[in-house]
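Residue numbers (our numbering), protein chains in the order written: chain A, 373 to 577; chain B, 1475 to 1700. Below: the structure, in structure tokens.
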Amino acid sequence: MKGVYMLATQYIDTVLDRLSNVTAGLEPVREIGEFIAQAVKNGKKVYVMDRYSIVDAELVERPSCLMLFRSFKNEGDAMTTGDIFLLSSFSADDESDLDLLTQARSLGAVVITISPEGSLSRSADRALTNKGSGENSVISIPGIETRFCPVSGIVNTALAWALAAEVTESLLNQQMIPSVFTGEYLVDKSGKNIEARKKYLSNGY
Amino acid sequence: MALSQTRRDFIHNLSFAGAGMIGLGAFLQSCAEKKIIYSHDLARIYIEGLQRIIGVIREREISKIEQAVGLAVQAKLQGKKLYAHLIGSMIEGETSEKRPGHPNIFLRSYISKAAREDFVITNEADEARGLTERLVRVVGITSPSVPSAETPPGALENMGSYRMEDIADIVIYSHIPPEDGIVPVEGIDIPLYPSSGIIHTLIYYSFVAEVMEELAKYGVYYSTAT
């Protein structure tokens, strides 16, 4: 075999490098986290969308996650003025994403994007840009023209979780303890989600 | 007590004062009265937690990834089928045949169809039960089920009937905690912000990168979604 697993480590090292970029740029994440927490405090809802079911599959109805994130695909019809539309994409300027943004804005939503810098981020009300991940795929080998093995999904998801963390901190600063999903498989946690759901439905967070 | 102190300082001072355990509600109220800002930097803790897990994978799991690559390449060169069954959160979108940058190496149909000497990579042990008895080559991605510092006794009590170690030829450990979340937050009784989606995706693409390169040496090329 070749010189010891070079591509696997190359991929892993690239991910580590991109995550360091996330850590270095947390200030806008903090600001947007505070903004979302304020909207939630004012009774607004937060809808998440990703055309490839990456970030929304992570943030919505997931154990260890806040209940306040809702699926735009499943519940977007209920969106009203002032709600938050969190749109994640690994493309800077895809027409389908721009259409989604326009659609959400027509419903009165505030649009926040997680994407590379480009038309999408410029059109958003607030944007988190996944610096250095615009290239999407990072592995190339002779004989195959197209690069493969994307890192953009991982980076966008890490940014989304960092954002969820900032929302949590901001809510706690306002004495609001957010409801969370618990893994029903965890010992002694059965039934926790019913209680948490009731609390979420009654206070909105 | 200075009004500009951080919450960490406040906890520190409390413990010295022998205040011991207090309820979160009272604690937050106290923070509000003293204008203490909650500043645990949870986002940074999360990203650094991910980096720590990835560092462990890089250190301990690369050789198993390479063994898995060997099984997959062997199966392909023998004309057998390669399957991937990866479930839960982002990894389903990440491994979709339409996902740009994803090489379409693996069949996504039910792995129960896998036959002798086919190859399967999965993160769901229950779905892969019985495959190795049929001489299917099985690679699993999971947390260790053997009690350890990573998996406390009883942590996986309700996690299905089968353990990956019992049904797979090679097990690549994800090194994520049983709760999945990796950031403890006061007042919330489970750690928040899951790691498994990102980590399973990382392991899968590390594996795919090597499979693509090895197969290319034998003139086997796969298209990548664009």
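Just so it is clear, CB atoms sit at the ideal spot from N, CA and C, and this is done for glycine as well.
Quiz item: Does A:V418 come within less than 8 Å of chain B when only Cβ atoms are used?
Solution: Output row for A:V418: interface = no.
Quiz item: On the three-state DSSP scale, how would you describe B:N1487?
Solution: Note that B:N1487 has pLDDT 46, beneath the 50 cutoff, so the model's placement of it is unreliable and the number below is only indicative. Secondary structure of B:N1487 (DSSP, three-state): helix.
Exercise. Closer than 8 Å by C-beta to B:R1608: which residues in its own chain qualify, once you throw out the five before and the five after it? Chain order, please.
Key: Taking B:R1608 as the centre and dropping the five residues before and after it, the same chain places the C-beta of A1588, A1589, R1590 closer than 8 Å to its C-beta, in chain order.
Quiz item: Straight-line CA distance for B:L1545 to A:I384?
Solution: Their backbone Cα atoms lie some 21 Å apart in a straight line.
Quiz item: Hey, is A:E447's beta-carbon within less than 8 Å of any beta-carbon in chain B?
Solution: At a cut-off of 8 Å between beta-carbon atoms, A:E447 makes no contact with chain B.
Quiz prompt | alpha helix (DSSP H) segment containing B:H1674, residue limits | solution = Note, B:H1674: alpha helix (DSSP H), 1670 to 1691.
Quiz item: Tell me which same chain residues have a C-beta within less than 7 Å of the C-beta of B:I1496, skipping the five on either side of it?
Solution: Confidence at B:I1496 is low in this model, with a pLDDT of 46, below 50, so the placement of that residue should be treated as unreliable; the coordinate-derived value is given next. Once the five neighbours on either side are set aside, B:I1496 has no close Cβ partner at all.
Quiz item: Applying a beta-carbon distance threshold of less than 7 Å, which residues of chain B neighbour A:V401?
Solution: Per Cβ cutoff of 7 Å: A1517.
Quiz prompt | Residues of its chain near B:V1530, where Cβ-Cβ distance is below 8 Å and the 5 sequence neighbours each way are ignored | solution = Residues of the same chain with a CB within less than 8 Å of the CB of B:V1530, apart from the 5 flanking positions on each side, are H1649 in chain order.
Quiz prompt | Beta bridge counterpart(s) of B:I1644 as assigned by DSSP | solution = Paired residues: B:V1613.
Quiz item: Do A:L492 and A:L458 have their C-beta atoms within less than 8 Å of each other?
Solution: Contact: no.
Quiz item: In chain B, which residues lie less than 8 Å from A:G515 when you measure between Cβ atoms?
Solution: Going along chain B in sequence order, the residues near A:G515 (Cβ under 8 Å) are A1690, Y1695.
Practice problem: Count the CB pairs spanning the region 1678 to 1688 of chain B and the region 1523 to 1543 of chain B that are closer than 8 Å, and state whether there are at least three. | Solution: At 8 Å Cβ cutoff, the stretches touch.
Quiz item: Is there a Cβ from chain A that is less than 8 Å from the Cβ of B:I1646?
Solution: Nearest CB-CB separation between B:I1646 and chain A: not below the 8 Å threshold.
Quiz item: Does the beta carbon of B:A1683 come closer than 8 Å to any beta carbon on chain A?
Solution: In terms of beta-carbon proximity, B:A1683 lines the interface with chain A, with at least one pair separated by less than 8 Å.
Self-check item: Per-residue DSSP class, three states only, for B:R1603
Solution: B:R1603: coil per DSSP, three-state reduction.
Self-check item: C-alpha distance - B:S1586 paired with B:P1658, whole-angstrom precision
Solution: The alpha-carbon atoms of B:S1586 and B:P1658 are separated by roughly 39 Å.
Quiz item: Under 8 Å, do A:M439 and A:Y557 count as touching if we go by C-beta distance?
Solution: No. Outside cutoff.
Self-check item: For A:G515, the first and last residue of its enclosing beta strand (DSSP E)
Solution: Run containing A:G515: none; DSSP gives neither H nor E here.
Quiz item: Using DSSP with H/G/I as helix, E/B as strand and the rest coil, what is B:G1655?
Solution: Correct three-state label for B:G1655: strand.
Practice problem: Leaving out five residues on either side along the sequence, give the residues of the same chain with a beta carbon under 6 Å from the beta carbon of A:T529. | Solution: Excluding five sequence positions before and after A:T529, the CB atoms of its chain that fall closer than 6 Å to its own CB belong to V427, E430, given in chain order.
Quiz item: Which first and last residues belong to the alpha helix (DSSP H) in which A:Y572 is found?
Solution: Segment 564 to 575, the alpha helix (DSSP H) holding A:Y572.
Quiz prompt | Residues of the region 1571 to 1590 of chain B with Cβ closer than 9 Å to any Cβ of chain A, in chain order | solution = Close to chain A, meaning a Cβ-Cβ distance shorter than 9 Å, are the following residues of the region 1571 to 1590 of chain B: K1572, R1573, P1574, G1575, H1576, P1577.
Quiz item: Buried or exposed: where does B:S1583 fall if 16 or more other Cβ atoms within 10 Å of its Cβ makes it buried?
Solution: With fewer than 16 Cβ atoms within 10 Å of its Cβ, B:S1583 is classed as exposed.
Exercise. Can you give me the Cβ contacts of A:D497 inside the same chain, cut-off strictly under 6 Å, excluding the 5 residues immediately before and after it?
Key: The answer, listed in chain order, is V482, V483.
Exercise. Give the single residue among A:S574, A:N565, A:G576, A:K570 whose Cα lies nearest to the Cα of A:E433.
Key: Comparing alpha carbon positions, the residue from A:S574, A:N565, A:G576, A:K570 closest to A:E433 is A:N565.
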